[in-house]
Every structure is written in structure tokens, then in C-alpha cells.
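Chains as they are written, first to last, in my numbering: chain A, 1 to 169; chain B, 1001 to 1101.
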């Protein structure tokens, strides 16, 4: 299927993602930040779809927006943030932090502007109907060891989270 | 308008990364700091998937592993937050100073 209105969708989805990122770091209420982050994750899943990565887009929506952010919202509900909302939101070193981050951003932009012609212009379009099968073949072939380690990591994380949040060990 | 190249996606990912770094460095609420870390991980994921369009599916597999690790790290980080909140009744990063000398 031919891609249609690529430019419009790219700018629209990128604007949504960056705007939601700004909302995440500036909102006073943590629930508003979490909702803005969910919105940004969904817009980013749209960007993944534009990059011919439907499986990663699906994983992003189900796992990230539907799992991790729901976990965040549960913990925000458990933790009483009423008092934190009335306090000062930005710490004392905010100016130094913003300047350092902007310096890093300037470095990144300089790298992209100088090295932009190093990337090949014509991009091979991968077939998106067999994307999931090919990722499955890679996960169980080349990356079998990393797959097993990732499942072990998840087990350790589950045990760790339960132990950390228990009242009496 | 110019066609959308890989560098466009890299610039969007860089913007998300900078926003995440600003969030980690300036906010006092621990939950929002953790959410800014998730922003940084998402920026890295976008970079990986943008490059995987040129150089094979390895980038997408790596992105899936990054999402898995983000889930594990968010779970453990929020567990630590709950344990800390139970002791000190605050989510302020500045008050995590028990090890200060």
C-alpha cells in the first residue's frame, strides 16, 4: 500500500509527541503529566507505524501505554501527592540544568546538521506484512540469549518490586 | 516540502531526549522524574527504529528489549518510591538525604 500524506502525518505526530513531552515536565499535577505521557506514547506509536515497524508500535501501545503508564497511575494514586502539589515544583538548580541540557541539544543538532549527508537518501522499504514473523525469527535466532536474559530480568524485577513495596518482609 | 529523511526522525528523538533530561534535572517530584526517564528511553527507541529502516531489523529488536527493560526499571523504581514514601511521607527529591554527610 502506498504511503499517503507522509509529510503532514510526520509533522503532526512529531508536534504531538514533543508537545506532550513539554507537558510532562511542566505540569504541577502528576496525573496530568502521566496522561500527557500516555498521549505522547500513542503519538510515538504512530511514528513507529510511519517507519514501517508495526510490531514495535503494537508493543509500545500495549506494554508502554497500557502497562507501564497504568502502573505509574496506580502508584500516583497510592502515594498522597496533595502536599507535593502545593510546594515549589522546580528545584534550586533549574537554570544550570536547563543550560546544560540545551548545550547537549546544541551538540546533537550540530552533529545532525553536519553529518546529515552521511545517511543514504534512498531507504529500502521493508515489507511490513511479514514484520512480526521476521522479528520473531530474529528473537529466537540471533538474540535468543538476550531474550532469556530479558525474561530473567523481568522475574528479578517482579520479585524486587514486591519485596520493596511490602509492609513487613 | 522536503521529503522526510531519517534525520527528521533523529531531530525529533533529540528533542524528546533534551526534554527528558530537563525533566530529570529540574523537577522535585520523584514521580515526574521517573516519567522523564521514560521520555529519555522513548527518544532512544525512536532513534533505534529510525535507523532500523536503513540497516535491518536489529534496531527494532533492540527497541523491544529497551521497552522490556523500561518496564522492569519502572516497576522497581516505583517500588522504591512507595517504600520511601511509607517512611518519610514526601515525594520530594531534595528530601532524599539520609546518606548526606
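Ideal placement from N, C-alpha and C gives every residue a C-beta, glycine not left out.
Because the structure is a prediction, the values reported are computed rather than measured.
Through-space distance from residue j to residue i, alpha-carbon basis
i: residue 56(A); j: residue 68(A); result: 15 Å
i: residue 1058(B); j: residue 1070(B); result: 18 Å
i: residue 1087(B); j: residue 80(A); result: 13 Å
i: residue 93(A); j: residue 30(A); result: 21 Å
i: residue 1028(B); j: residue 98(A); result: 14 Å
Coarse secondary structure for residue i, derived from DSSP in three states
i: residue 83(A); result: helix
i: residue 1027(B); result: strand
i: residue 1092(B); result: strand
Under 9 Å from the C-beta of residue i: neighbouring residues of chain A
i: residue 1087(B); result: Those do not exist, as residue 1087(B) stays about 11 Å from chain A at its closest Cβ, beyond 9 Å.
i: residue 1095(B); result: Within 9 Å Cβ-Cβ: nothing; residue 1095(B) doesn't reach chain A, min ~10 Å.
Contact set between residue i and chain B, taken where Cβ atoms lie within less than 7 Å
i: residue 14(A); result: 1012
i: residue 101(A); result: 1018, 1021, 1022 and 1025
beta-carbon residue i near the ligand GTP non-hydrogen atom, thresh 8 Å
i: residue 154(A); result: Of the ligands one can find in the structure shown there are none, so the ligand GTP has no counterpart to examine.
Cβ distance (whole Å) where residue i is taken to contact residue j below 8 Å
i: residue 1034(B); j: residue 1078(B); result: 7 Å
i: residue 1004(B); j: residue 10(A); result: 5 Å
i: residue 36(A); j: residue 1091(B); result: Their Cβ separation, rounded to whole angstroms, is 18 Å, which puts residue 36(A) and residue 1091(B) out of contact at 8 Å.
i: residue 1006(B); j: residue 1062(B); result: Contact flag wrong, Cβ pair sits at about 16 Å.
i: residue 1093(B); j: residue 1084(B); result: With a Cβ gap of about 10 Å, residue 1093(B) and residue 1084(B) do not count as contacting.
i: residue 1049(B); j: residue 146(A); result: Wrong, their Cβ atoms sit about 17 Å apart, outside the cutoff.
i: residue 108(A); j: residue 1014(B); result: 4 Å
i: residue 1016(B); j: residue 21(A); result: 5 Å
9 Å Cβ cutoff, residue i in contact with chain B
i: residue 154(A); result: yes
i: residue 46(A); result: no
i: residue 59(A); result: yes
Residues that residue i contacts on chain A, provided the C-beta gap is smaller than 8 Å
i: residue 1069(B); result: 150 and 153
9 Å Cβ cutoff, residue i in contact with chain A
i: residue 1044(B); result: no
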